[in-house]
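Visitor: Taken in order, these protein sequences are the chains called A and B. Going by the working numbering, the first sequence wraps up at 166, each residue one higher than the last. Going by the working numbering, the second sequence wraps up at 1295, each residue one higher than the last. Here's a structure for you.
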Amino acid sequence: MDLRLPIGLLFVLLGLLLAGYGLISDPAIYEASLGINVNLRWGIVMLAFGLAMLSLVWRGRRVT
Amino acid sequence: MQLQAIDYTVIGLYFVFVIGIGWALKRFMRTSVDFLTSGRSLATWITGLAFLSANLGAQEVIGMAASGAKYGILTSHFYWVGAIPAMVFVGVFMMPFYYGSRARSVPEYLRLRFDEKTRGFNAISFAVMTIFSSGISMYAMGLLFQRFLGWDINASILIAACVVLLYTFLGGLTSSIYNEVLQFFLIVFGFLPLAILGLGVVGGWSGLQERLAAPNIVGPYAPGVMTESWQHLGSAAANPMGVEWFGMVMGLGFVLSFGYWCTDFLVVQRAMAAQSMNAARRTPIVAAVPKMLFPFLVILPGMVALALVGPEGLSEGGKTDYNLALPLLLQKLYPPGLLGLGLTALLASFMSGMAGNVTAFNTVWTYDIYQTYIRPGQDDAHYLWMGRMATVFGTAASIGTAYVAMTFNNIMDLLQLVFSFINAPLFATFLLGMFWARASANGAFWGLLGGTGAAAVHYVLTGVQGGRAGLLHTYPSDMAQNFWGAIVAWTSCFVLTIVISLVTKPRNPEELRGLVYSLTPKQTDEGLAWYRRPALLGALVLAGAVLLNVYFW
């Protein structure tokens, strides 16, 4: 089993979940976090990390 | 703290994945070697991150943030003086003997190098210690969730333990290691925003330095004591840790850190699961790279919490409890959504530590205790079954000790003290065993016992200011007593082992091939790409640690 697959999947799902929640949530909840919509931003970072992991899996398959 | 549906979804998704990994690995577990040692088949980046993650239990994360709030940047010495050099040492110098001897566990190496009694002593004390430490950490986590989330402490302990049991029971060591890698990334992604937002709130590093120089925080010490790592180590009276540079470097850096990272089977087991000798040697060195940056992730939030609320804000019922630092900051800075991720990171750290304990326990139990003393000579299917059973009763016993910790706080303190006596001299035994062919079996055993005894005698004869007065000496802090106790224990074991070895019969050098430095063919890295050479990588990592020490001088 390629461990990068479940890691990539989990981070893609978590990223989508957080970023999606960041889009629909009430901006007032971000007062605590310096007014930054941290869910949206961090969700995108996690999504990118997850996709990078999945692309490594995909590349590994193509080579072998 | 009130959790929203989004937070529970994040936590739930995490549970699905950790159990899913165990489930997917189930079909690969055919022999006891697969289940207990991963069949020596894993890639370096996987064993490296697992090496780091198995040590990152909840107590490490919460405790390091707590120390950050209590001692400031002095806590970084646990990393940049303690862990990093030790991790490089075990990779470059010790792994050839652990991995090359084909031993399945650290106690088994002791049996090959010395004899049965040293192995027995190490195996039994290690098995008891892992159970108790996973129980204590379980209790600490349950307590935290009860206080901040209002979750029932029994339910949190039981659910978390069952999830760990399920994935280690299904997929053995491989499942534990794979999940540790997943958990490593969750811990990083869960706590990184906390460090970044925290620095933002206090106005960057310079803002943090300014805030932590306030009189109510530094007390009787110099204003920079919380943010300068070496300048206040000239004398024990100049810093809150109560330690001067010698005790720090020798006690923490040399004895305690090398003792832990180089001999504790919990971490060494991860490297021993690597696919080749080269991969095994690079495992701790790969782990040292992120480890070097962890102070930013775990110590900094503690310092930020202190800067924001002061010592008064960290007290409950008139008593300062630094363990509140991390959850308090999570509560302050994380909105719903990210809060779920932060709690997942906390759960992940707890589970990685506990699974590490459980998998190390079941290997030592099955190979070093059960197969050796209880039922030798069975077929492998029997030991595979026993490994699985050990996973179940190891977890059950950990839950039991969590309740012991809940009821008898003092007994747990006493036990941890006894364990520290046992651990402190161990590094001297391994050092002599691996690098001095003359070290004899009786020398090792009695040296180890003598070192343990010396630690106990040192503890009884010395005291701590504000506590029990010492007959011989009174230390300014628990930390100082602990560091000096380790130095005494190590030195006693070192000297005793040498003296007794010289008057007892040496082993036949033929039997020590592959176990001792002078009788083992040297590892050559020639012809390997630079990133595959353990010694070169180790030197780079050490240079990084030196730079960090200088930067935060």
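Built from N, CA and C at the ideal position, the CB exists for glycine as well.
Just the C-alpha distance for Pro1167 (chain B) and Thr1062 (chain B), rounded to the nearest angstrom, thanks.
Guide: Whole-angstrom Cα-Cα distance: 33 Å.
Visitor: So for Ala845 (chain B), helix, strand or coil by DSSP?
Guide: Three-state DSSP puts Ala845 (chain B) in coil, outside helix and strand.
Visitor: For Ala1090 (chain B) and Leu1244 (chain B), I'd like the C-alpha separation in whole angstroms.
Guide: Answer to the nearest angstrom: the Cα atoms are 49 Å apart.
Visitor: Would you be able to state if there are at least three C-beta pairs under 8 Å between the stretch 1121 to 1129 of chain B and the stretch 819 to 837 of chain B?
Guide: No contact exists between the stretch 819 to 837 of chain B and the stretch 1121 to 1129 of chain B.
Visitor: Taking the DSSP output, what are the residues bridged to Val1206 (chain B)?
Guide: B:Tyr1217.
Visitor: Give the residues from the stretch 131 to 161 of chain A that approach chain B closer than 7 Å (Cβ to any Cβ), ordered along the chain.
Guide: Per Cβ criterion, the list reads Ile131, Tyr132, Ala134, Ser135, Leu136, Val140, Asn141, Trp144, Met148.
Visitor: How many angstroms separate the CA atom of Met1176 (chain B) from the CA atom of Val1160 (chain B)?
Guide: Answer to the nearest angstrom: the Cα atoms are 26 Å apart.
Visitor: I need the DSSP call for Ala134 (chain A), collapsed to helix, strand or coil.
Guide: Ala134 (chain A) falls in the coil class under three-state DSSP.
Visitor: I want to see whether chain B comes within less than 8 Å of Gly110 (chain A), judged by CB atoms only; does it?
Guide: Not closer than 8 Å to any Cβ of chain B, the Cβ of Gly110 (chain A) fails to qualify, so no.
Visitor: Since His1124 (chain B) is in the alpha helix (DSSP H), which residue starts that stretch and which ends it?
Guide: Its alpha helix (DSSP H) spans residues 1122 to 1149.
Visitor: Using a beta-carbon distance below 8 Å, is Leu778 (chain B) in contact with chain A?
Guide: So, not an interface residue.
Visitor: Three Cβ pairs or more, each shorter than 8 Å: is that satisfied between the stretch 1110 to 1117 of chain B and the stretch 944 to 958 of chain B?
Guide: Contact between the stretch 1110 to 1117 of chain B and the stretch 944 to 958 of chain B is absent, because fewer than three Cβ pairs lie under 8 Å.
Visitor: Enumerate in chain order the residues of its own chain whose CB-to-CB distance from Val803 (chain B) is below 6 Å, with the five nearest sequence positions on each side excluded.
Guide: Once the five neighbours on either side are set aside, the close Cβ partners of Val803 (chain B) are Val1040, Ser1091.
Visitor: Please go through the same chain and pick out, in chain order, the residues whose beta-carbon is closer than 6 Å to the beta-carbon of Val848 (chain B), but skip the five residues on each side of it.
Guide: Excluding residues within five positions, the ones whose Cβ falls inside 6 Å are Phe1007, Val1010.
Visitor: Who are the neighbours of Leu120 (chain A) on chain B, taking C-beta pairs under 9 Å?
Guide: Chain B residues near Leu120 (chain A): Ile748, Val752, Gly1079, Leu1080, Gly1082, Leu1083.
Visitor: Which residues of the stretch 919 to 946 of chain B have a Cβ closer than 7 Å to any Cβ of chain A? Give them in chain order.
Guide: Result list: Tyr920, Val923, Leu924, Phe927, Phe931, Pro935, Leu939, Gly942, Val943.
Visitor: From Pro1043 (chain B) to Met1093 (chain B), what distance separates their C-alpha atoms?
Guide: Spanning the two alpha carbons is a distance of roughly 21 Å.
Visitor: Let me check one thing: in DSSP terms, what residues is Glu1058 (chain B) bridge-paired to?
Guide: Paired residue(s): B:Lys1061.
Visitor: Express the C-alpha separation of Thr786 (chain B) and Thr166 (chain A) in angstroms, rounding to a whole number.
Guide: Because the pLDDT at Thr166 (chain A) is just 48, under 50, the model does not fix this residue reliably, and the value given afterwards should be weighed accordingly. Distance between the alpha carbons of Thr166 (chain A) and Thr786 (chain B) is about 19 Å.
Visitor: Would a C-beta distance cut-off of 8 Å place Leu924 (chain B) and Val760 (chain B) closer than the cut-off?
Guide: In this structure, Val760 (chain B) lies closer than 8 Å to Leu924 (chain B) by Cβ.
Visitor: Which same chain residues end up closer than 7 Å to Ala811 (chain B) when comparing Cβ atoms and leaving out the 5 residues on each side of it in sequence?
Guide: Taken in chain order, the residues that qualify are Gly1044, Met1045, Ala1047, Leu1048, Leu1056, Tyr1064, Ala1067.
Visitor: What does the alpha-carbon distance come out to for the pair Thr969 (chain B) and Met1221 (chain B)?
Guide: Spanning the two alpha carbons is a distance of roughly 19 Å.
Visitor: To which residues of the same chain is Gly1129 (chain B) closer than 6 Å at the C-beta, ignoring the five residues directly before and after it?
Guide: Excluding positions up to five away in sequence, the list reads Ser774, Phe777, Leu778, Asn1104, Thr1108.
Visitor: Excluding sequence positions up to five away, which residues of its chain have a Cβ less than 6 Å from the Cβ of Thr872 (chain B)?
Guide: Closer than 6 Å at the Cβ level, and outside the excluded window around Thr872 (chain B), lie Asn1099, Ala1102, Phe1103.
Visitor: Here's the rule I'm using: 16 or more other beta-carbon atoms within 10 Å means buried, otherwise exposed. How should Asn921 (chain B) be labelled?
Guide: Buried is the call here.
Visitor: Where do the ends of the alpha helix (DSSP H) carrying Arg1024 (chain B) lie?
Guide: Arg1024 (chain B) -> alpha helix (DSSP H) spans 1019 to 1036.
Visitor: How many angstroms separate the CA atom of Asp128 (chain A) from the CA atom of Leu120 (chain A)?
Guide: Going by the C-alpha atoms only, they are around 13 Å apart.
Visitor: Could you confirm whether any beta carbon from chain B is found closer than 8 Å to the beta carbon of Leu125 (chain A)?
Guide: Chain B contact via Cβ: absent.
Visitor: Considering only their Cβ atoms, is the gap separating Ile1141 (chain B) from Ile938 (chain B) smaller than 8 Å?
Guide: Result no, Cβ atoms of Ile938 (chain B) and Ile1141 (chain B) do not sit closer than 8 Å.
Visitor: Alpha carbon to alpha carbon, what distance is there between Ile753 (chain B) and Leu115 (chain A)?
Guide: Using only the alpha carbons, I get a separation of about 12 Å.
Visitor: If you draw a straight line from the alpha carbon of Val997 (chain B) to that of Ser918 (chain B), how long is it in whole angstroms?
Guide: So the alpha carbons of these two residues sit roughly 29 Å apart.
Visitor: Please work out which residues of its chain come closer than 8 Å, Cβ to Cβ, to Leu118 (chain A), disregarding the five sequence neighbours upstream and downstream, and give them in chain order.
Guide: Contacts found: Gly145, Leu149.
Visitor: So Val1051 (chain B) and Leu1070 (chain B) are in contact, right, with Cβ under 8 Å, and what is the actual spacing, rounded?
Guide: That pair is a contact at about 7 Å.
Visitor: Run down chain A in chain order and give the residues with a C-beta less than 9 Å from the C-beta of Ser788 (chain B).
Guide: Checking the displayed sequence, the identity of residue 788 (chain B) turns out to be Ile instead of Ser. Simply Leu105.
Visitor: Let me check understanding here. Comparing Cα to Cα, which of B:Tyr1293, B:Glu1058, B:Val1258 lies closest to Gly842 (chain B)?
Guide: Residue B:Val1258 is the option with its Cα nearest to Gly842 (chain B).
Visitor: Along chain A, which residues have their Cβ under 8 Å away from the Cβ of Leu755 (chain B)?
Guide: The contacting residues are Leu112, Leu115, Leu116, Leu119.
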